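Read the structure below first, then the notes.
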Amino acid sequence: MTHFFLRLLARLPLRFWHAVGALGGRLAYRFNARYAKRLADNLRQSGIAADTADYQRLLRQSAAEIGKGGAEIIPIWLRPYDQVLKLVKECRGWEHVEAAVSQGKGVLAMTPHLGCFEIVSLYYAARLPMTVLYRPPRQTWLEGIMRAGRARGQVTLATTDVKGVRALLTALKKGEATGILPDQVASKGEGAWAPFFGRQAYTPTLVSRLHQSTGAVPLLMFGERLPRGQGYRIHITPLAADLTGSKEATALQLNQALEALIRQYPAQYLWSYNRYKRPGGVTPPPGE
165 MTHFFLRLLA RLPLRFWHAV GALGGRLAYR FNARYAKRLA DNLRQSGIAA
215 DTADYQRLLR QSAAEIGKGG AEIIPIWLRP YDQVLKLVKE CRGWEHVEAA
265 VSQGKGVLAM TPHLGCFEIV SLYYAARLPM TVLYRPPRQT WLEGIMRAGR
315 ARGQVTLATT DVKGVRALLT ALKKGEATGI LPDQVASKGE GAWAPFFGRQ
365 AYTPTLVSRL HQSTGAVPLL MFGERLPRGQ GYRIHITPLA ADLTGSKEAT
415 ALQLNQALEA LIRQYPAQYL WSYNRYKRPG GVTPPPGE
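Everything in the sequence shown is counted per my numbering, starting at 165 for the first residue and increasing by one.
Here it is as structure tokens:
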């Protein structure tokens, strides 16, 4: 019954969901002190705002955009696939995918916590196969909805474990694409400390390992939210980083490339994400 009701609600226009999400995001910032502090602290210490007024403007926009990100999941996961694809109004940079495919190389599709990352894999998989890592939700009732919403087109889901990494390697060696969150906090033994907006973050080394093992082409991808619920614009750009060095060097270059992209669209980054936490068993970074 719940699933049926959500499917009915999913038919409402995207502008409705973005308006509801923006309001919810602002209310969450106002009434959830812990969440608000992390969002404000992460944005402030990034130094991305030009001055106090700019910081306050970005803070308000970020709270609204985070809310939009939560609300838009309903239409993206629960609408028919062809209707979801119509939400993408433009794709800039698809030629980089075509260039990799023409060389018979796999694609490391890196979608950071920027804009709508759910839409990117669905758009890509309408054209070419992609294997995407995912972590099962804590709420077991949600997993079925999540898998049904994400595993569409030519998407194959792989869990975040050894078996999943093998699935990524297999896909890349076949010349296919893999979807990875490059700014997610890594688990013990799977990351390296590197500065991210001036503070040490335990950065995944999976991207560099996969690149070094397969020669796959690393591309940054994200779905920009257009104003007034008009839809999304997908951006695809080559990763401006050398992934052939040590894990510390590649982690540094990866974070620098992500910073450059986020600075272009700062309001749509997920500043509330606990990017700087130390995973259990991981030695603190130097100086802490």
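Note that beta-carbon positions come from the ideal geometry of N, C-alpha and C, so glycine has one too. Just so it is clear, the structure is predicted and the values come from calculations on it, not from any experiment.
(request) With a cut-off of 8 Å on the beta carbons, I'd call P346 and L416 a contact; round off their distance for me. (result) Not really, about 13 Å apart at Cβ, beyond 8 Å.
(request) Check the DSSP bridge columns for R256 and list the partner residues they point to. (result) Per the DSSP secondary-structure output, R256 pairs in a beta bridge with H399.
(request) Please check the pair T408 and Q376, which I expect to be a contact at CB under 8 Å, by giving their CB distance rounded to whole angstroms. (result) With a Cβ gap of about 6 Å, T408 and Q376 count as contacting.
(request) Report yes if the CB atom of T369 is closer than 8 Å to the CB atom of L333, and no otherwise. (result) No, the Cβ-Cβ distance between T369 and L333 is not below 8 Å.
(message) Suppose you measure from the CA of W241 to the CA of G451; what does that come to, to the nearest Å?
(response) One alpha carbon belongs to W241, the other to G451, and they sit about 43 Å apart.
(request) Look at the Cβ atom of I323, then the Cβ atom of P301, and state whether they are nearer than 8 Å. (result) What sits at residue 323 in the sequence shown is Thr, not Ile. In this structure, P301 does not lie closer than 8 Å to T323 by Cβ.
(request) Within its chain, find whatever has a CB closer than 7 Å to the CB of V446; leave out the 5 residues flanking it on each side and keep chain order. (result) Correct list, in chain order: K352, Y366.
(request) Kindly identify the DSSP beta-bridge partner or partners of Q364. (result) Within the DSSP bridge table, the entry for Q364 names P359 as partners.
(message) Under 8 Å, with one C-beta from each stretch per pair, do the segment 190-204 and the segment 247-259 reach the 3-pair mark?
(response) Not touching, per the Cβ criterion.
(message) Looking at the secondary structure, which residues open and close the alpha helix (DSSP H) in which Y298 lies?
(response) Per DSSP, Y298 lies in no alpha helix (DSSP H); the unbroken beta strand (DSSP E) holding it starts and ends at 294-298.
(message) Alpha carbons only, please: which of L223, I237, D218 is nearest the one belonging to R194?
(response) For R194, the closest of L223, I237, D218 by C-alpha to C-alpha distance is L223.
(request) With a threshold of 16 other CB atoms inside 10 Å of the CB of R243, please say whether the residue is buried or exposed. (result) Looking at its Cβ environment, which holds 16 or more other Cβ atoms inside 10 Å, R243 is buried.
(request) Return the chain-ordered list of same chain residues with a C-beta closer than 7 Å to the C-beta of C280, the five sequence neighbours on each side being excluded. (result) Taking C-beta separations shorter than 7 Å and ignoring five residues to either side along the sequence, the partners of C280 in its chain run G233, E236, G387, R389, Y396, following chain order.
(message) Excluding the 5 residues flanking V271 on each side, which residues of the same chain have their C-beta closer than 7 Å to its C-beta?
(response) Result list for V271: V261, A264, A341, A380, V381, L383, in chain order.
(message) Given a cut-off of 8 Å on the beta-carbon distance, is the pair L292 and R316 in contact?
(response) No, Cβ-Cβ distance for L292 and R316 is not below 8 Å.
(message) Could you compute how far the alpha carbon of A289 sits from the alpha carbon of H399?
(response) Answer to the nearest angstrom: the Cα atoms are 15 Å apart.
(message) Would V326 and V296 be called neighbours here (beta carbons separated by less than 8 Å)?
(response) No; because the gap between Cβ atoms is not below 8 Å, this pair is not in contact.
(request) Under 8 Å by Cβ, that's how I've got G231 and A192 pegged, so tell me the actual separation to the nearest angstrom. (result) Between A192 and G231 the Cβ distance is about 7 Å, and since that is below 8 Å, they are a contact.
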